[in-house]
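Residue numbering for the sequence shown is 378 to 838, as defined by my numbering.
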Amino acid sequence: MAMKRHCAADLRPPRVMIQTLGCAKNAVDSDTLAGLLKQGGFECVARESQADVVVVNTCGFIDDAKVESIQVMLEAVRWKQAKHGRRVYAMGCLTQRDGPEIRAELPELDGIFGIGEWSSMLSALGANPLSVMESPNVTMYSGKAGPGSAYLRISDGCSHACAFCAIPQMRGLYRSEPIEKLVQEANLLARTGVKEILIIAQESTSYGVDIYRKRMLVELCNQLSEIDGIEWIRILYAHPPSAPPKFMTELARVPKLAPYLDFPIEHASDRMLKLMNRKTTAAKMKESIDAFRDGRDNVCVRTTVLVGFPGETDQDFEELYRFMEEVQFERAGVFTYSPQVGTAGADLPGRVEEGVALDRLDRLMKLQKQICLSRHKTLIDATIPVLIERNVRDASWGRSAWDAPDIDALVRVRGTLSPGIMHLVKVTGAAAYQLDAVPVHSDNLQRSDSCGSFALPVLSH
Ligand code: SF4
């Protein structure tokens, strides 16, 4: 019997393109899958034209994200149908929640997987899950955020029930990862040159409560602070009711904590907070913010606000506006409400007209722009550390300790500095969402002590 002859294309590993939609948590899942596939002998590629397999990592957070995920899956199916042998799989939040409907509507998909179904995915793709998942080289909790920067996902799921949010339906109850595994993974990241760890979770302040019976975020960050090479630990997604004042002061004092906290208040009218099922009040949130600011000089508190939730009156909005004026958040994002199927908010009366919600968003963003500009002006002539992300022509763009990737301000530095490295710069100009600066040293910055000096946004004036 004649042996089948393999051509060169048969011998090369299957090439997989992962298309990621949604938030940083999804980006971590995509990076985990990419690591597992590489360990299983697959090659990950950046473009569909180079791929044999496309995996769409879906998002279902809001209606627009759901529509986009379906469009991307449809495009991938068309790509598959254009050439024999191609395969398309879907994973992520949307498939976790709406898997049966998606399977019925898109039978051309070769497989649909929920959150964390790595073993089934690897088997479907043709890898041996047992040998791949036991490899010590695979990172399971982290993903690239930019040069010198990585996300560390400390938990998945959420056990709260905010009335506007469908995340608990999609991601399930809160599940913390063991502290020793996270520290081990952060050590691996540091050895690859990562300088900044971005702590992510659906909400990070409850970390540990499910497996250690107490909040363990401070303990985790203290252990991460001891890792050589890590300079900034940045906390994203604190949950106000899980962040009492004493805890906030302890958190602010973690040695390498970037002077930054993402603290999404969502609203500041107590009536709206109750309707949103946030289980806190404006006064309690203010106490927590004050406690964080008391624990550390020059901190940046970022918040997120939702306007137009059902029942929001002009008076509720004015309370929110006054709270934002009083607290003077250094960073803020404002969103308008859109109802999510299966959430308590979707059934509430008192819908707010879209135009009214947009006007409220506009007023808050104007206020925030003034606050950001005046804060930035105080930095002129200051010397600050910046993590450089990229070079564009004869300038370098990076982030200060006050800025998380993608959502906050940028620093433009004259000249080309190495990406992924921290540099000291002197601020020469300020706009609301950008600083201009010149390098202070031509060499990159080396930590000279262990007292967390890079974690100060302002070193000197
Ligand atoms: S804390 Fe609230 S907003 Fe955040 S993921 Fe949980 S339910 Fe959603």
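Just so you know, even glycine gets a beta-carbon here, dropped at the ideal spot from N, CA and C.
heavy atom of ligand 1 below 7 Å from residue i C-beta
| i | result |
| --- | --- |
| CYS539 | yes |
| HIS616 | yes |
| CYS677 | no |
| GLN579 | yes |
| ILE492 | no |
| CYS598 | no |
| ILE784 | no |
| CYS542 | yes |
| PRO545 | yes |
| CYS470 | no |
| CYS535 | yes |
Endpoints, the alpha helix (DSSP H) within which residue i is located
| i | result |
| --- | --- |
| ILE666 | 659-672 |
| MET446 | Inspection of the sequence shows that residue 446 is occupied by Ser rather than by Met. Start and end: 440-458. |
| ILE748 | 731-754 |
| TRP495 | 495-502 |
| ARG776 | Premise fails: ARG776 lies in the beta strand (DSSP E), 772-777, not in any alpha helix (DSSP H). |
| GLN546 | 544-548 |
| LYS591 | Here LYS591 belongs to no alpha helix (DSSP H), and DSSP marks it neither H nor E. |
| LEU652 | 647-652 |
With 16 other Cβ atoms within 10 Å as the buried cut-off, status of residue i
| i | result |
| --- | --- |
| MET742 | exposed |
| GLU554 | buried |
| LYS457 | buried |
| ASN403 | buried |
| ASP441 | exposed |
| GLU580 | buried |
| ARG767 | exposed |
| ILE784 | exposed |
| LEU533 | Looking at the sequence itself, residue 533 is Asp, so the reference to Leu does not match. It is buried - the Cβ of ASP533 has at least 16 other Cβ atoms within 10 Å. |
| ALA538 | exposed |
| THR860 | In the structure as shown, the chain starts at 378 and stops at 838, and residue 860 therefore has no counterpart that could be examined. |
| VAL571 | buried |
| VAL682 | buried |
| HIS461 | exposed |
| THR680 | buried |
| TYR589 | exposed |
| ALA459 | exposed |
| ARG568 | exposed |
Coil, strand or helix - residue i by DSSP
| i | result |
| --- | --- |
| ALA379 | Low per-residue confidence applies at ALA379: pLDDT is 33, beneath 50, and the placement is therefore not dependable enough to give any value. |
| VAL678 | strand |
| ILE576 | strand |
| PRO636 | strand |
| LEU597 | helix |
| GLY488 | strand |
| SER553 | strand |
| THR397 | strand |
| GLU511 | coil |
| ILE479 | helix |
| ASP408 | helix |
| VAL586 | helix |
| SER825 | Any reading at SER825 must be qualified, since the residue scores a pLDDT of 39, below 50, and its modelled position is unreliable; the value itself is stated next. Coil, per DSSP. |
| THR805 | strand |
| LEU787 | strand |
| THR690 | coil |
| LEU794 | coil |
| VAL560 | helix |
| GLU420 | strand |
| GLU703 | helix |
| ASP533 | strand |
| GLY685 | coil |
| ARG392 | strand |
| GLU695 | helix |
| GLU603 | coil |
| GLY523 | strand |
Residue i: first and last residue of the uninterrupted beta strand (DSSP E) it sits in
| i | result |
| --- | --- |
| GLN811 | 811-816 |
| LYS762 | Looking at the sequence shown, residue 762 is not Lys but Pro. Note, PRO762: beta strand (DSSP E), 760-769. |
| THR435 | 430-435 |
| PHE712 | 708-713 |
| GLY469 | 464-469 |
| ARG611 | 609-612 |
| THR839 | Nothing about residue 839 can be reported from this structure: the residues present for the chain run from 378 to 838 only. |
| MET347 | Lying before the first or after the last residue shown, residue 347 is absent from the chain, which here runs from 378 to 838. |
| ARG530 | 526-530 |
| LYS656 | No beta strand (DSSP E) contains LYS656, which DSSP labels as neither H nor E. |
| ALA629 | Careful: ALA629 lies outside any beta strand (DSSP E), inside the alpha helix (DSSP H) at 622-629. |
Ligand 3 heavy atom lying under 7 Å from the CB of residue i
| i | result |
| --- | --- |
| ILE610 | Ligand 3 is not among the ligands present in this structure, which contains only ligand 1. |
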